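Participant: In full-length UniProt numbering, the protein residues as written are 1 to 146. Don't be surprised by glycine CBs; every beta carbon is placed ideally from N, CA and C. No experiment lies behind these values; they were computed from the predicted model shown. Below is a structure I'd like to ask you about.
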């Protein structure tokens with residue numbers, strides 16, 4: 001696992017934050033289905049993610065992305081892991097993955113042109129997600145949300 005300091009040394013375009021939002025009231029996760037044609041991972045179910053801007057700390061990007069994409073403010077955040085991932089197009093990203101155990105606000109899809117949001121149980125998410133890096137994050141988080 002890389003430290004926050006090590007991850008901040010990378011090119012900002014190469015840094016990504018993933019946010020696995022857990023709804024404790026129904027024991028489900030917010031999973032996105034990519035719907036924009038000709039985009040990376042079109043048609044796939046994914047853990048939502050966003051880029052970390054230059055000079056931005058990972059947790060600051062997490063808070064910003066959650067607000068921009070889902071309209072929520074996290075109140076309990078757990079760091080799951082930091083790892084490198086290679087996309088389907090061969091681009092390498094450093095990923096900081098987080099579990100959001102609680103939040104303020106009502107989840108709203110603020111990017112309907114890019115994706116649909118679904119609530120899935122752990123089992124449904126594992127079954128529907130085909131990309132290894134998403135399954136990896138979900139499996140790493142398994143003991144943290146129960």
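Run the proximity test for residue 64: is its beta-carbon closer than 8 Å to any non-hydrogen atom belonging to the ligand SAH?
Facilitator: The model depicted lacks the ligand SAH and carries no ligand whatsoever.
Participant: Thinking C-alpha only, which one of 21, 14, 16 is nearest residue 105?
Facilitator: When each option's Cα is compared against that of residue 105, the closest is 21.
Participant: In whole angstroms, what separates the C-alpha of residue 10 from that of residue 83?
Facilitator: In this prediction, residue 10 scores a pLDDT of 48, lower than 50, which makes its location untrustworthy; no coordinate-derived value is stated.
Participant: Just curious, the beta strand (DSSP E) that residue 80 is in, first and last residue?
Facilitator: If you look at residue 80, you'll find it in the beta strand (DSSP E) that goes 73 to 86.
Participant: Residue 85 and residue 95: beta carbons closer than 9 Å?
Facilitator: yes
Participant: For residue 130, collect the residues of the same chain with a Cβ closer than 7 Å to its Cβ; drop the 5 residues on either side in sequence, then sort them by chain order.
Facilitator: 44
Participant: By Cβ distance, which residues of its chain are closer than 7 Å to residue 28, with the 5 residues on each side in sequence left out?
Facilitator: 119, 120, 121
Participant: Using a 10 Å radius around the Cβ and a threshold of 16 neighbouring Cβ atoms, would you call residue 36 buried or exposed?
Facilitator: It is exposed - the Cβ of residue 36 has fewer than 16 other Cβ atoms within 10 Å.
Participant: Counting C-beta neighbours from all protein chains within 10 Å, is the total for residue 91 16 or more, i.e. buried, or is it exposed?
Facilitator: exposed
Participant: Can you tell me the Cβ-Cβ gap for residue 149 and residue 117, rounded? I've got them flagged as a contact below 8 Å.
Facilitator: The requested residue 149 does not occur in the structure, where the chain is confined to residues 1 to 146.
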